[in-house]
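Chains as they are written, first to last, in our numbering: chain A, 22 to 248; chain B, 22 to 248. Every residue gets a Cβ at the ideal spot worked out from N, C-alpha and C, and that includes glycine. Read through the structure below, which is laid out as structure tokens, and then see the notes.
There are 2 protein chains.
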Amino acid sequence: MILATELVKHYRVGDHIVEALRGVTLTVPKNEFLAIMGPSGSGKSTLMHILGCLDHPTSGTLHIDEEEINITNQNRLAELRNKKIGFVFQQFNLLSRTSAINNVELPLLYAGASASERHKRAQKALEMVGLGHRTGHFPNQLSGGEQQRVAIARALITDPPVILADEPTGNLDTKSGNEVLAILQSLHKRGITLIMVTHERDVGEHADRIVHMLDGRITGDEMVEDK
Amino acid sequence: MILATELVKHYRVGDHIVEALRGVTLTVPKNEFLAIMGPSGSGKSTLMHILGCLDHPTSGTLHIDEEEINITNQNRLAELRNKKIGFVFQQFNLLSRTSAINNVELPLLYAGASASERHKRAQKALEMVGLGHRTGHFPNQLSGGEQQRVAIARALITDPPVILADEPTGNLDTKSGNEVLAILQSLHKRGITLIMVTHERDVGEHADRIVHMLDGRITGDEMVEDK
Ligand SMILES: Nc1ncnc2c1ncn2[C@@H]1O[C@H](COP(=O)(O)OP(=O)(O)OP(=O)(O)O)[C@@H](O)[C@H]1O
Ligand SMILES: Nc1ncnc2c1ncn2[C@@H]1O[C@H](COP(=O)(O)OP(=O)(O)OP(=O)(O)O)[C@@H](O)[C@H]1O
Ligand SMILES: [Mg+2]
Ligand SMILES: [Mg+2]
């Protein structure tokens, strides 16, 4: 379970401050499928990066499974990111000089898997997102939606118990988007905690609960009916 | 008017060839609003780059206003790109060491506008996409949807007669997406030719016509009813 308390995040730009998060408190129970929605610039990605231990808040606290996340303990943060959390970035963040299959294998290096084990699992993950025929391509040899699917495969490869997906279907046609959603839903059925940013209402309605953000705050919190 | 005849595009990857376009013939009349839809990897961005004179086909020809586009004439290509075509890239392609306002000004350098004129027009363009308060931010200090809107402002700044927009609302919430669509529609009313790739049916239905792609070919071509 994830417990965020009064998260504030300020960015300094020149001589002014952007208040990207203005006091966000959020509890995400184990095995919940939570959708986060809100306008462009409302703080969704900023919140996701803090929940994913990729950034620290200006103030406020974060607990994951009752353990307080302390940014001074960089080793523990790295361990959490590698073992507990799979992150799908809004802009994919693939390594440009690395093939699709090697990008997907990367998280398994920390897990100590053998080279052939990593390769086999990465191949399978890419086949699952429909890219078995693109494993050797580099990111600049892939379409936008193909890069997005490589990023998704990479986030799933270590079977993490928590998946944070920032607009995972933004660059996908309806059919590919539904295939990705189906993968995430089946993982959710098997027990993962899934937090997804989406701007598409009909994607959000597959979640258990939708939280709305506006100007760095949570302004709405609704359980999804009739699923 | 844009006339593409039997466009073929092959990419070589290692020892195999990707047939990204397999013979695309397409006529886009002046002042048409055309939507291009199709699955991830079907060749939409590849086609857009060729139509936008940013890439050349393996074979086939392209005519823009009855002028045959010849890839050996690099100066003429640059002139067309700068004067005739505004391009919104699927992944924005902003200069990372350049502020939002300077990114938007860039196409005006070729037009020979004065520094204060460029600055004034770029400020206005950013205000039009709701980013008047983010002009000094660098791309990595902007949200995904904000970067997308900077890319849109940049494509519009020289008032080009042809706008090619590759998934311009992919990272935008419904409200911001509708605002961008409204801008493009008003430009279309004033006479521009607009070609937009989108994976969202309800965005496509604002167009005059929708072309469907699959595996590097055009497989459908429909006029949009009841607008
Ligand atoms: N530089 C390249 N080298 C090799 N293959 C490429 C290259 N660019 C694109 N491809 C391949 O060509 C096909 C078409 O790519 P394209 O980017 O045109 O697709 P798209 O329809 O825009 O997809 P999406 O909706 O995912 O953006 C893809 O399968 C992709 O893997
Ligand atoms: N590194 C940074 N420096 C300065 N400002 C930033 C930085 N990152 C984000 N911002 C600002 O903080 C605000 C929130 O950004 P964030 O990326 O969280 O928005 P978002 O809700 O994910 O938006 P989108 O839907 O467009 O992706 C934005 O207005 C943005 O300009
Ligand atoms: Mg975001
Ligand atoms: Mg594309």
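N- and C-terminal bounds of the alpha helix (DSSP H) containing A:L98: Within the first sequence, numbered from 1, the residue matching residue 98 of chain A stands at position 77. Run containing A:L98: 95 to 104, per the alpha helix (DSSP H) assignment.
Show which residues of chain A have a CB atom less than 9 Å away from the CB atom of B:I140. Residue 140 of chain B sits at position 119 when you count from the first residue of the second sequence. With the sequence shown as reference, residue 140 of chain B is identified as His, and Ile is not the correct amino acid for it. Going along chain A, no residue has its Cβ under 9 Å from B:H140, so there is no contact; the nearest lies around 16 Å.
Start-end ranges of the alpha helix (DSSP H) lying completely within the segment 122 to 180 of chain A, minimum 4 residues: 136 to 149, 165 to 177
Assigned secondary structure, B:E53 (DSSP; H/G/I helix, E/B strand, else coil): Counted from its first residue, the second sequence places residue 53 of chain B at position 32. If DSSP states are grouped into helix, strand and coil, B:E53 belongs with coil.
Can you grab the Cα-Cα spacing for the pair A:M217 / A:D229, in whole Å? The sequence position of residue 217 of chain A within the first sequence is 196, counting from 1. The sequence position of residue 229 of chain A within the first sequence is 208, counting from 1. Their Cα atoms are separated by approximately 11 Å.
Whether B:L202 touches B:F54 by CB criterion (8 Å): In the second sequence, counting from the first residue as 1, residue 202 of chain B sits at position 181. In the second sequence, counting from the first residue as 1, residue 54 of chain B sits at position 33. No, the pair does not count as a contact, with Cβ atoms beyond the cut-off.
Give the C-beta separation of A:L193 and B:S61 to the nearest angstrom, bearing in mind that I take them to be a contact with Cβ-Cβ under 8 Å. Position 172 of the first sequence, counted from the first residue, corresponds to residue 193 of chain A. Position 40 of the second sequence, counted from the first residue, corresponds to residue 61 of chain B. At roughly 6 Å, the Cβ-Cβ gap stays under 8 Å, so A:L193 and B:S61 are in contact.
Looking at the structure shown, is B:L215 part of a helix, part of a strand, or coil, going by DSSP? One-based indexing of the second sequence puts residue 215 of chain B at position 194. Reduced to three states, the DSSP call for B:L215 is strand.
Minimum Cβ-Cβ distance from A:V29 to chain B less than 8 Å: In the first sequence, the residue the question calls residue 29 of chain A occupies position 8. With 8 Å as the cut-off, A:V29 does not count as an interface residue toward chain B.
Under a CB-based cut-off of 8 Å, is A:G237 close to chain B? Numbered from its first residue, the first sequence carries residue 237 of chain A at position 216. Output row for A:G237: interface = no.
A:G166 versus A:I178, A:T82, A:E188, A:N123, residue with shortest Cα-Cα distance: What you label residue 166 of chain A is simply residue 145 of the first sequence in a count that begins at 1. Nearest of A:I178, A:T82, A:E188, A:N123 to A:G166, Cα basis: A:E188.
Determine, using beta-carbon pairs with one atom in the segment 68 to 77 of chain B and one in the segment 131 to 149 of chain B, whether at least three such pairs fall under 8 Å. no
Stretch pair the segment 173 to 189 of chain A + the segment 94 to 110 of chain A: three plus CB contacts closer than 8 Å: yes
Taking its Cβ as the centre, do 16 or more other Cβ atoms sit within 10 Å of B:M58, making it buried, or is it exposed? Counted from its first residue, the second sequence places residue 58 of chain B at position 37. The residue is buried, with at least 16 neighbouring Cβ atoms inside 10 Å.
Confirm, please, whether the CB-CB distance from B:L75 to B:L25 is below 8 Å. As a first step, residue 25 of chain B must be located in the second sequence, where it is residue number 4. As a first step, residue 75 of chain B must be located in the second sequence, where it is residue number 54. The amino acid occupying residue 25 of chain B in the given sequence is Ala; Leu does not appear at that position. It is not a contact, given that the beta carbons lie outside the stated cut-off.
Inter-stretch contact (C-beta, 8 Å, three-pair minimum) for the segment 156 to 165 of chain B and the segment 121 to 134 of chain B: yes
Go ahead and label A:S207 buried or exposed: buried means 16 or more other beta carbons lie within 10 angstroms of its beta carbon, across all protein chains shown. Sequence index remark: in the first sequence, residue 207 of chain A carries index 186 (1-based). With fewer than 16 other Cβ atoms within 10 Å, it is exposed.
Members of the segment 212 to 246 of chain A that neighbour chain B once the beta carbon cut-off is set at 9 Å: H220, E221, R222
Check whether the Cβ of A:Q249 lies closer than 8 Å to any Cβ atom in chain B. Examination of residue 249 of chain A is not possible in this model, given that chain A is present from 22 through 248 alone.
Which residues of the segment 69 to 81 of chain A have a Cβ closer than 9 Å to any Cβ of chain B? Give them in chain order. none
Any chain B beta carbon closer than 8 Å to A:S197: What you label residue 197 of chain A is simply residue 176 of the first sequence in a count that begins at 1. Output row for A:S197: interface = yes.
Going along the chain, which residues put their C-beta within less than 7 Å of some heavy atom in ligand 4? A:S164, A:G165, A:G166, B:K65, B:S66, B:Q111, B:D187, B:E188, B:V218
My understanding is that A:R43 touches A:G241, with C-beta atoms under 8 Å, so please give their C-beta distance in whole angstroms. Taking the first residue of the first sequence as position 1, residue 43 of chain A is located at position 22. Taking the first residue of the first sequence as position 1, residue 241 of chain A is located at position 220. 15 Å between Cβ atoms; not a contact.
Looking at C-alpha atoms only, which residue of B:H220, B:A172, B:V150 is the closest neighbour of A:T190? If you number the first sequence from 1, residue 190 of chain A lands on position 169. Of the listed residues, the one whose Cα sits closest to A:T190 is B:H220.
Contacts of B:S117 in chain A (Cβ-Cβ under 9 Å): If you number the second sequence from 1, residue 117 of chain B lands on position 96. None at all; the shortest Cβ gap to chain A is about 12 Å.
Are the beta-carbon atoms belonging to A:V232 and A:L98 less than 8 Å from one another? Taking the first residue of the first sequence as 1, we reach residue 232 of chain A at position 211. Taking the first residue of the first sequence as 1, we reach residue 98 of chain A at position 77. No; because the gap between Cβ atoms is not below 8 Å, this pair is not in contact.
Using DSSP with H/G/I as helix, E/B as strand and the rest coil, what is B:M22? If you number the second sequence from 1, residue 22 of chain B lands on position 1. Correct three-state label for B:M22: coil.
Pick out whichever of A:L130, A:E148, A:R33, A:L115 has its Cα sitting closest to the Cα of A:E200. Within the first sequence, numbered from 1, the residue matching residue 200 of chain A stands at position 179. Checked all of A:L130, A:E148, A:R33, A:L115; the closest Cα to A:E200 is A:E148.
Closer than 7 Å between beta carbons: that is the criterion. Which residues of the segment 150 to 169 of chain B meet it against chain A? G157, H158, Q162, S164, G165, G166, E167
For the segment 30 to 41 of chain B, enumerate the residues whose C-beta is nearer than 7 Å to any C-beta of chain A, in chain order. Y32, V34, G35
If you compare alpha carbons, which of B:M234, B:I184, B:I92 is closest to B:H77? Within the second sequence, the letter at position 56 stands for residue 77 of chain B. Answer by Cα proximity: B:I92.
According to the Cβ coordinates, are B:I258 and B:P182 closer than 8 Å? The structure shown does not extend to residue 258 of chain B, since chain B is modelled only from 22 through 248, so no value can be given for it.
Residue span of the beta strand (DSSP E) that contains A:T232, given as start and end: Reading the first sequence from its first residue, position 211 is the one you call residue 232 of chain A. Residue 232 of chain A is actually Val in this sequence, not Thr. Looking at the DSSP string, the run of the beta strand (DSSP E) that includes A:V232 is 230 to 235.
Within 7 Å: the Cβ of A:S61 and any heavy atom of ligand 2? In the first sequence, the residue the question calls residue 61 of chain A occupies position 40. Yes, the beta carbon of A:S61 sits closer than 7 Å to at least one heavy atom of ligand 2.
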